[in-house]
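Everything in the sequence shown is counted per this note's numbering, starting at 1 for the first residue and increasing by one.
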Amino acid sequence: MIDPLRRQIAEEAALIVWDEGVADYNQARAKACERLGVSGTRQMPRNTEVEAALLDWLALFATDEDRERLAFLRETALGVMRCLAEFEPRLVGSVLKGTAGRYSNIQLHLFSDDVEAVAIFLLNRRMRYRAITRRQAGGRREGVPGFAFDWDDVPVEALVFPVDGLRAAPPSPIDGKPVRRASIAKVEKLLEG
């Protein structure tokens, strides 16, 4: 059974993730502790507990508007993925998991042994982007290159992994297991159901 204080911190952190768009669970937990006047890490909930609290909260309190926003984000992700089909896109993150809120962006994994090929693809379609690098949990020291751009006024982050990265997803920052990914076909099915 979970300690009541630990549960309270997880629930407060989940609300911070949802209401304020804080994507970093460590930051959300720290803010939750500050708000609750708790110090130390002994009662600190794990990322999985924060995510479970967020899913519980959404099951109880998500509005029709929240569900419509999630569907819109998934449809938008599908459009981006179809455009980038030659790079075998995979949807990851909160839009896939169903925890996306009003501040969420679309997160994709693309696959190419030539990052520059993705940049040229975006340039040829007159898409304005900026180069980014994101560290992955347990991942390479130098981080993963990618691109940030808007699609239908929705922020998108597309990280570019080598082609052989399709076979082995990086570890999730939530539970350390391989990140859940969805192909175009899986996102289509998700939208049907």
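We put the beta carbon where it would ideally sit given N, CA and C, even for glycine. This one's a predicted model, so the numbers in the text were calculated from it and none came from an experiment.
- Within the same chain, and ignoring the five residues on either side of R7 in sequence, the residues whose Cβ sits closer than 8 Å to its Cβ are P45, E49 and A53.
- Between A169 and E157, the C-beta spacing is not below 8 Å.
- The DSSP-derived three-state label of T48 is helix.
- Just so you know, the alpha carbons of V160 and R130 end up roughly 13 Å apart.
- According to the DSSP assignment, G79 belongs to the alpha helix (DSSP H) that extends over D64 to C83.
- The three-state reading of DSSP puts P4 in helix, counting H, G and I together.
- If only uninterrupted beta strand (DSSP E) runs of at least 3 residues are considered, those enclosed by the segment 141 to 193 are 144 to 151 and 154 to 161.
- For Y129, the uninterrupted beta strand (DSSP E) segment begins and ends at Y129 to R134.
- For V95 against R181, the beta-carbon gap comes to about 12 Å, at or over 8 Å, which does not count as contact.
- When Cβ pairs closer than 8 Å are counted between the two stretches, the segment 65 to 76 is seen not to touch the segment 20 to 27, the count staying below three.
- Between L108 and G40, the alpha-carbon positions lie close to 35 Å from each other.
- A direct Cα-to-Cα measurement between V118 and S112 gives close to 8 Å.
- For R42, no alpha helix (DSSP H) run applies, since DSSP gives it neither H nor E.
- Looking at the backbone, the Cα of C83 and that of L122 are separated by about 10 Å.
- Taking the Cα of W57 as reference, the smallest distance to any Cα among W18, D3, E34 and D114 is reached at W18.
- For F111, the enclosing beta strand (DSSP E) covers residues I106 to F111.
- Only residues of its own chain outside the window of five on either side were considered, and among them R29, A32, C33, L36, V38, Q43, M44 and P45 have a CB closer than 8 Å to the CB of I9, listed in chain order.
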